[in-house]
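I have placed the structure first, in the form of structure tokens, so that the comments after it can refer back to it.
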Amino acid sequence: MSGLSDEVLAAIDAIEAGPQGPTVGAFFDLDGTLVAGYTAATFYGDRLKGRDVSPAEFLRTVVTAVDGELGGDPTRIAHVAFSAMRGESEEAFADLGERLFRSKIAGTIRRESRALVMAHQRAGHTVAVASAATKYQIAPVARDLGVEHLVCTRLVVEDGQFTGATDGPMLWGRHKASGVRAFAREHDVDLSASYAYGNGYEDVAFLSSVGNPTALNPHRDLRSAAARLGWPVLDLSDPVGGSLIAAGRTAAALAGMNTGVVAGLSLGLLTGNLKEGRNTAIKLATSLPMTLAGVRLNVLNRERLWTHRPAIFVANHQSALDIPVLGNLLERDFTIVAKKEARWDPRTFVGSIVIDPAYIDRGDSESARATLDGVAERIRSGTSLMIFPEGTRSATPVLGPFRKGAFHLAAQAGVPVVPVVLRNTGELMRRSSFVLNPGVVDVCVLEPETDWSTDDMSERIAALHTKFEETLARWPA
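Residue numbers for the sequence shown follow the working numbering, beginning at 338 and rising by one.
Structure, rendered in structure tokens:
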């Protein structure tokens with residue numbers, strides 16, 4: 338799996354070479370381990386933004402936080418927050434957790450942490466998130482990672498509302514270790530053969546509970562403890578943020594896109610060949626921006642992009658970067674299907690002048706059907722189609738379900754489907770971000786699939802979805 342550090346690859350090799358099966362546990366801390374940063378701060382920041390924090394609560398929070406830094410009980414600040422939740426709806430708070438996951442927390446999941454989780458899952462281990470956080474913070478992350486079990490702080494709920502109390506102790510320090518031991522007894526997990534990952538000094542007891550502890554991105558005190566105890570240390574990279582340099586290069590990339598479009602269309606007008614002018618504009622408007630932004634493509638099986646034309650090119654969707662990447666790959670004679678809301682997106686507006694997208698109104702099925710009928714005719718006339726069968730950008734690399742529209746078009750137009758797997762565009766340009774970071778985009782073009790029919794469409798779509806998942810999980814050499 339390229340893009341991972343040598344230390345992480347060695348850790349994955351050790352997991353694969355070690356004992357297998359569900360009697361081996363793998364326990365991951367949440368904040369600072371699976372995700373960069375602290376989910377509680379995200380929740381509290383949202384409450385501050387919504388002016389849901391009273392002056393008295395804010396003062397108590399500040400005083401308690403300072404006391405914790407000066408040697409007081411560091412869990413008191415959490416109990417202040419729990420008390421403030423008295424009378425709040427559990428359902429509304431769970432919905433808030435889902436919203437904050439999509440908008441903020443999903444982008445903080447470390448890619449290498451995800452790879453470690455997947456290695457334990459392939460080994461058949463019993464994987465759990467063990468954290469002092471609540472399930473409302475953890476559950477969306479765990480679901481995205483495919484983790485079933487949570488060992489966490491639980492809040493008391495009566496008649497659908499929080500009471501402000503915890504059900505048992507907050508799972509911090511020795512209480513997290515006790516929670517893991519109780520979980521192991523209940524699930525017949527052998528802790529001496531199990532793994533644990535944590536980042537704070539308070540995790541020493543938790544990490545000591547297993548035979549294979551790892552200090553992951555540890556704070557200074559835990560790093561010292563790991564050195565004394567002979568524990569391995571893994572330092573993982575954090576998700577890329579948007580620096581001022583990256584923002585400047587993004588602005589240059591947008592200018593490059595505009596320049597490419599103008600140059601290509603001008604050439605078409607001068608030569609009287611508008612079709613070639615548009616194709617030249619596509620090449621320039623996709624290659625110039627990525628060069629200026631410092632984005633390179635590493636493409637496997639590039640030749641498959643040209644063996645079947647026209648075709649419907651389907652790709653997974655994580656980022657606004659996906660469209661220029663695919664445009665750079667396809668080069669000429671293609672269009673896209675997009676939701677009508679994307680018509681005025683400044684990241685793609687100028688390029689859309691060249692490729693003339695088919696905009697779909699998802700709220701009007703009759704209008705959408707008529708638009709797709711027109712697209713099928715364009716395909717039969719020689720124009721290929723780029724489409725994202727998930728329908729919307731995923732917040733994380735986890736693949737969403739495929740909708741059938743692209744495949745119905747393939748059957749209707751009588752053309753093949755060419756699957757294109759994009760691995761890490763979301764790392765270079767996050768969902769809803771306007772800043773493009775430099776880096777390498779990994780692309781794998783799968784075998785084209787021909788002869789689409791409604792008779793076996795559902796089965797073939799499911800099989801193709803599995804191919805995408807397998808490619809993302811085990812990237813080809």
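Glycine included, each C-beta is placed from N, C-alpha and C at the ideal position.
Residue 434 versus residue 420: straight-line alpha-carbon distance, rounded = The sequence position of residue 434 within the sequence shown is 97, counting from 1. The sequence position of residue 420 within the sequence shown is 83, counting from 1. In this structure, the alpha-carbon of residue 434 lies about 18 Å from that of residue 420.
Give the DSSP-derived three-state secondary structure of residue 693 in the structure shown.
-> For the purposes of this step, residue 693 is taken as residue 356 along the sequence shown, with counting starting at 1. Shown here, residue 693 sits in coil according to DSSP, grouped into three states, outside any helix or strand.
Segment limits, beta strand (DSSP E) that includes residue 712 = For the purposes of this step, residue 712 is taken as the residue at position 375 of the sequence shown. Note, residue 712: premise wrong, no beta strand (DSSP E); alpha helix (DSSP H) at 702–717.
Rounded to a whole number of angstroms, what is the C-alpha to C-alpha distance between residue 370 and residue 536?
-> For the purposes of this step, residue 370 is taken as residue 33 along the sequence shown, with counting starting at 1. For the purposes of this step, residue 536 is taken as residue 199 along the sequence shown, with counting starting at 1. One C-alpha to the other measures close to 6 Å.
Alpha carbon of residue 546 to alpha carbon of residue 528, nearest angstrom = Against the sequence shown, residue 546 aligns to sequence position 209. Against the sequence shown, residue 528 aligns to sequence position 191. Between the alpha carbons of residue 546 and residue 528 lies a distance of about 7 Å.
Is residue 597 buried or exposed, if buried means 16 or more other CB atoms sit within 10 Å of its CB?
-> Numbered from its first residue, the sequence shown carries residue 597 at position 260. Counting Cβ neighbours within 10 Å, residue 597 comes out buried, since at least 16 surround it.
Leaving out five residues before and five after residue 349 in sequence, what residues of the same chain have Cβ atoms less than 6 Å from its Cβ?
-> Position 12 of the sequence shown, counted from the start, is the residue given in the question as residue 349. Excluding its 5 nearest sequence neighbours in each direction, residue 349 has C-beta neighbours in its own chain below 6 Å: 456, listed in chain order.
N- and C-terminal bounds of the alpha helix (DSSP H) containing residue 517 = Position 180 of the sequence shown, counted from the first residue, corresponds to residue 517. That run of the alpha helix (DSSP H) goes 511–524.
Continuous alpha helix (DSSP H) assignments of at least 4 residues falling wholly in the segment 520–577 = Taking only runs of at least 4 residues, the alpha helix (DSSP H) segments lying wholly in the segment 520–577 are 541–545, 557–566.
Leaving aside the five residues before and after residue 373 along the sequence, list all residues of the same chain whose C-beta is less than 7 Å from its C-beta, in chain order.
-> Mapped onto the sequence shown, residue 373 falls at position 36. Around residue 373: 445, 447, 575, 576.
Does residue 343 get closer than 9 Å to chain E when you measure Cβ to Cβ?
-> The displayed structure is made up of one protein chain only, and chain E is not part of it.
Neighbourhood of residue 798 by C-beta distance below 7 Å, restricted to the same chain and skipping five residues each side | Taking the first residue of the sequence shown as 1, we reach residue 798 at position 461. Excluding residues within five positions, the ones whose Cβ falls inside 7 Å are 739, 741, 744.
Cβ-based neighbour list, residue 555, same chain, cut-off 7 Å, excluding 5 preceding and 5 following = The residue given as residue 555 occupies position 218 in the sequence shown. The answer, listed in chain order, is 536, 563, 570.
May I ask you to report which of helix, strand or coil DSSP gives residue 771?
-> Counted from its first residue, the sequence shown places residue 771 at position 434. In the structure shown, residue 771 sits in coil (DSSP, three-state: anything other than H, G, I, E or B).
Do you know offhand how far residue 462's Cα is from residue 642's?
-> For this step, residue 462 is matched to residue 125 along the sequence shown. For this step, residue 642 is matched to residue 305 along the sequence shown. In this structure, the CA atom of residue 462 is about 39 Å from the CA atom of residue 642.
C-alpha distance - residue 736 paired with residue 628, whole-angstrom precision = The count along the sequence shown starts at 1 and reaches residue 736 at position 399. The count along the sequence shown starts at 1 and reaches residue 628 at position 291. If you draw a straight line from the Cα of residue 736 to the Cα of residue 628, it comes to about 28 Å.
Three-state secondary structure (DSSP) at residue 620?
-> As a position in the sequence shown, residue 620 is number 283, starting the count at 1. Reduced to three states, the DSSP call for residue 620 is helix.
So residue 427 packs on residue 494, CB below 8 Å; how close in whole Å?
-> In the sequence shown, residue 427 corresponds to position 90, counting from 1. In the sequence shown, residue 494 corresponds to position 157, counting from 1. Residue 494 and residue 427 do touch by the CB rule: their CB atoms are close to 5 Å apart, below 8 Å.
Which residues in the same chain as residue 636 place their Cβ atom closer than 6 Å to its Cβ, once the five residues preceding and following it in sequence are excluded?
-> Your numbering for residue 636 matches position 299 in the sequence shown. So the qualifying residues of the chain are 780.
What are the boundary residues of the alpha helix (DSSP H) that includes residue 477?
-> In the sequence shown, residue 477 corresponds to position 140, counting from 1. Unbroken alpha helix (DSSP H) run through residue 477: 472–482.
What is the DSSP secondary structure of residue 737, reduced to helix, strand or coil?
-> Mapped onto the sequence shown, residue 737 falls at position 400. Residue state, collapsed to three classes: coil.
By DSSP, does residue 756 sit in helix, in strand, or in coil?
-> As a first step, residue 756 is located in the sequence shown; it is residue number 419 there, counting from the start. Shown here, residue 756 sits in a strand according to DSSP, grouped into three states.
Report yes if the CB atom of residue 519 is closer than 9 Å to the CB atom of residue 531, and no otherwise.
-> The sequence position of residue 519 within the sequence shown is 182, counting from 1. The sequence position of residue 531 within the sequence shown is 194, counting from 1. One thing to note: residue 519 has its Cβ no nearer than 9 Å to the Cβ of residue 531.
Which residues mark the beginning and the end of the beta strand (DSSP E) in which residue 721 is found?
-> Here the question's residue 721 lines up with position 384 in the sequence shown. Run containing residue 721: 721–724, per the beta strand (DSSP E) assignment.
In terms of residues, what are the limits of the alpha helix (DSSP H) holding residue 345?
-> As a first step, residue 345 is located in the sequence shown; it is residue number 8 there, counting from the start. Its alpha helix (DSSP H) spans residues 343–354.
Measure the Cβ-Cβ separation of residue 776 and residue 765 and say whether it is below 9 Å.
-> Counting from 1 along the sequence shown, the entry for residue 776 is found at position 439. Counting from 1 along the sequence shown, the entry for residue 765 is found at position 428. Between residue 776 and residue 765, the C-beta spacing is below 9 Å.
Euclidean distance between Cα positions of residue 486 and residue 513 = Taking the sequence shown and counting its residues from 1, one reaches residue 486 at position 149. Taking the sequence shown and counting its residues from 1, one reaches residue 513 at position 176. Residue 486 and residue 513 have their C-alpha atoms roughly 14 Å apart.
Count the other C-beta atoms from every protein chain shown that fall within 10 angstroms of the C-beta of residue 647, then say buried if there are 16 or more, exposed otherwise.
-> Residue numbering aside, residue 647 sits at position 310 when the sequence shown is read from its first letter. For residue 647, the number of other beta carbons within 10 angstroms of its own is at least 16, and it is reported as buried.
Taking the Cβ atom as the reference point for each residue, do residue 355 and residue 460 lie within a distance shorter than 9 Å?
-> By one-based count along the sequence shown, residue 355 stands at place 18. By one-based count along the sequence shown, residue 460 stands at place 123. Contact: yes.
Identify which residue in 633, 651, 617, 786 has its Cα closest to the Cα of residue 670.
-> Taking the first residue of the sequence shown as 1, we reach residue 670 at position 333. When only C-alpha atoms are compared, the closest one is 617.
Determine the DSSP secondary structure at residue 500, reduced to helix, strand or coil.
-> Within the sequence shown, numbered from 1, the residue matching residue 500 stands at position 163. DSSP places residue 500 within a strand segment (E or B) once states are collapsed to three.
Hey, would you say residue 364 sits closer than 9 Å to residue 467, going by beta carbons?
-> On the sequence shown, position 27 is the one that residue 364 refers to. On the sequence shown, position 130 is the one that residue 467 refers to. In contact: residue 364 and residue 467 (Cβ atoms closer than 9 Å).
Alpha-carbon spacing of residue 774 relative to residue 631, whole angstroms = Counted from its first residue, the sequence shown places residue 774 at position 437. Counted from its first residue, the sequence shown places residue 631 at position 294. Cα to Cα, the separation comes out at about 8 Å.
Backbone secondary structure at residue 409 - three-state DSSP = Along the sequence shown, read from residue 1 onward, the residue named residue 409 stands at position 72. Since pLDDT at residue 409 reaches only 47, below the 50 mark, its modelled position is unreliable, and the value read off the structure follows with that caveat. Coil, per DSSP.
Helix or strand or just coil, what does DSSP make of residue 468?
-> Within the sequence shown, residue 468 is the residue found at index 131, counting from 1. In the structure shown, residue 468 sits in a strand (DSSP, three-state: E or B).
What is the residue span of the alpha helix (DSSP H) that residue 366 lies within?
-> Start at 1 with the first residue of the sequence shown, and residue 366 comes out as number 29. Per DSSP, residue 366 belongs to no alpha helix (DSSP H) and is neither H nor E.
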